[in-house]
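K.L.:
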Amino acid sequence: MLEQTDDNYVLDFIEEAFWGAWTGGNDFGHRAYVGEILINMGQVSLLFNNNTGEFEWVDFGYGNFDTYSDNPYGIVAENTQEFLNKFKLVDICD
């Protein structure tokens, strides 16, 4: 996806992941927005903690986010490999 783009695009992509509108102006430390996931409690946002290497979830519709480290939600995976291991390949039959 990023191989055919210029340096400015890549820099903008990284900047949005860490400091974009998803933060709502709140301080989430060195966390990057990865996307949305659907779990048993509903749809939550997935963040990557650049300090710890952990994938974390947060529900922006609930809680106080003035200082995220004071009000964290949960750890999805302790590292990238553990996170990838949670996915299962599904064969869709026609």
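Reading the sequence shown from the start, the letters are residues 7 to 100 in the working numbering.
All C-beta atoms, glycine included, are put in the ideal place defined by N, C-alpha and C.
Everything numeric in this text was worked out from a predicted model, so none of it was measured.
Provide the residue span of the beta strand (DSSP E) that contains asparagine 55, from first to last.
P.N.:
Taken as a continuous stretch (DSSP letters only), the beta strand (DSSP E) holding asparagine 55 covers 48-55.
K.L.:
Tell me which residue opens and which closes the alpha helix (DSSP H) that glutamate 60 is part of.
P.N.:
Neither: glutamate 60 is in no alpha helix (DSSP H) and is coded neither H nor E.
K.L.:
In the DSSP output, which residue or residues are listed as bridge partners for isoleucine 81?
P.N.:
Answer is Glu62.
K.L.:
What are the start and end residues of the beta strand (DSSP E) that includes alanine 38?
P.N.:
That run of the beta strand (DSSP E) goes 37-45.
K.L.:
Where do the N-terminal and C-terminal ends of the alpha helix (DSSP H) with aspartate 13 fall, by residue?
P.N.:
Segment 13-25, the alpha helix (DSSP H) holding aspartate 13.
K.L.:
If we call anything under 8 Å between Cβ atoms a contact, is valine 16 one with leucine 52?
P.N.:
Going by C-beta atoms, valine 16 is not nearer than 8 Å to leucine 52.
K.L.:
Would you kindly work out how many angstroms separate the C-alpha atoms of glycine 41 and isoleucine 98, rounded to a whole number?
P.N.:
Taking the straight line from one Cα to the other gives about 23 Å.
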